[in-house]
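Novice: Residue numbers (our numbering): 60 to 330. Below you will find the structure I want to go over with you.
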Amino acid sequence: MNNIEQAISFARQEYTRQGLDALYQKDFEEALLPARSQAAEIYRADTLRWSGDPKTDLLAALLWSQKLLNDYQRHQLPDEVFYHTIDDIGRWASEYWSYSGRIGLAESAWLTNHLTLRLFQLGRLQFCMEPADFSAPAFGLEPGEPLVSVHICRGGSLDPAACDTSFARARAFFPKHFPAYAFRFFSCHSWLLDETLLPLVGVYSNISFFQQRFQIVGRTASNAAARYVLRWDIQPDEIAAFIPQNRFQSNLKERLLAGQQFYEATGLIVR
Numbered sequence: 060m061n062n063i064e065q066a067i068s069f070a071r072q073e074y075t076r077q078g079l080d081a082l083y084q085k086d087f088e089e090a091l092l093p094a095r096s097q098a099a100e101i102y103r104a105d106t107l108r109w110s111g112d113p114k115t116d117l118l119a120a121l122l123w124s125q126k127l128l129n130d131y132q133r134h135q136l137p138d139e140v141f142y143h144t145i146d147d148i149g150r151w152a153s154e155y156w157s158y159s160g161r162i163g164l165a166e167s168a169w170l171t172n173h174l175t176l177r178l179f180q181l182g183r184l185q186f187c188m189e190p191a192d193f194s195a196p197a198f199g200l201e202p203g204e205p206l207v208s209v210h211i212c213r214g215g216s217l218d219p220a221a222c223d224t225s226f227a228r229a230r231a232f233f234p235k236h237f238p239a240y241a242f243r244f245f246s247c248h249s250w251l252l253d254e255t256l257l258p259l260v261g262v263y264s265n266i267s268f269f270q271q272r273f274q275i276v277g278r279t280a281s282n283a284a285a286r287y288v289l290r291w292d293i294q295p296d297e298i299a300a301f302i303p304q305n306r307f308q309s310n311l312k313e314r315l316l317a318g319q320q321f322y323e324a325t326g327l328i329v330r
């Protein structure tokens, strides 16, 4: 079996393991193999470059995962971390399906981090090695300094104990597996760090406790809360017609229609 056939076999297994067969109600061959030719070109390249076609990029992500598994094995990284990390392919495929009704990925560029040994899911949270794109003078932080950024994927609550475990794992994982990567801070840039949310979720909520881990160093106006809480592709003129499914959605919709501005904030944790 040649490399592309091995990758196709692996992609087929992942398609099923990540629940895409159940999501699409189509088997792997029907759903994705029509995109094989272009996806195979992406797989054979030395550098991961996406096509921009959602179906092609979903197949390419699954194919490239087989390369990534080889990288994990060479670096003696845990299989459990590998599978938890690439589960994000299925999450983003499901997200795209939920608002478009189409098979594919719209957030393939984000998955470059997962597929090139930069981002790892360690329990509840994801951690990514990347340079700072902001400054924080109070911390002596300038753009370009190595950081480990923290990301919160869909699926599960921000339970404080689970987050504690993830940070503990990250503090052990990076020095062990990437000892040359010296970093002083964990960073997070997220709508979840926006203290404007607190009247909606309460000061004793998991979101509040997550915010308290970080020292906030900046914020920018953003519609990210609407995208993550209501619908990923929602437009401002669609909010009034959106039908909430829970109290958080209802409260956020009410505030947005009243003209409330929400933010994405940036926070730091000293390693």
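Yeah, the Cβ is synthetic: ideal placement off N, Cα and C, and Gly gets one too.
Suppose contacts are defined by Cβ-Cβ distances below 7 Å. Is SER225 in contact with ARG290 by that definition?
Specialist: Contact: no.
Novice: What does GLN185 pair with, by DSSP beta-bridge criteria?
Specialist: DSSP output for GLN185 lists GLN180 and HIS210 as bridge partner(s).
Novice: Work out the CA separation of ALA229 and GLY199 for me, nearest whole Å.
Specialist: Computed Cα separation, rounded: 23 Å.
Novice: Could you pull the DSSP bridge partners for PHE245 from this structure?
Specialist: DSSP output for PHE245 lists VAL207 and ILE328 as bridge partner(s).
Novice: Is DSSP giving ARG286 helix, strand or coil here?
Specialist: The answer is helix: DSSP assigns ARG286 an H, G or I state.
Novice: Go through its chain and collect everything with a Cβ distance to ILE162's Cβ below 6 Å, but skip five positions before and after it.
Specialist: TYR83, ALA90 and LYS114.
Novice: Where does THR279 sit, in a helix, a strand or coil, going by DSSP?
Specialist: In this structure, THR279 counts as strand in the three-state DSSP scheme.
Novice: Verify whether the separation of the beta carbon atoms of TYR102 and PHE87 is less than 7 Å.
Specialist: Contact: no.
Novice: Can you grab the Cα-Cα spacing for the pair THR279 / GLU323, in whole Å?
Specialist: THR279 and GLU323: Cα-Cα distance of roughly 5 Å.
Novice: Which of the three DSSP states, helix, strand or coil, is assigned to TYR263?
Specialist: Note: TYR263 maps to coil in three-state DSSP.
Novice: Using CA coordinates, which residue listed in ALA300, TYR263, GLN270 and ARG213 is at the minimum distance from VAL288?
Specialist: Among ALA300, TYR263, GLN270 and ARG213, the Cα nearest to that of VAL288 is on ARG213.
Novice: Could you pull out every residue in the same chain whose Cβ sits closer than 8 Å to the Cβ of PRO190, ignoring the five residues on either side in sequence?
Specialist: Taken in chain order, the residues that qualify are PRO202, GLY203, GLU204, PRO205 and LEU206.
Novice: Any idea if HIS134 is buried or exposed, counting beta-carbon neighbours within 10 angstroms, 16 or more meaning buried?
Specialist: The residue in question, HIS134, is exposed, as its Cβ has fewer than 16 Cβ neighbours within 10 Å.
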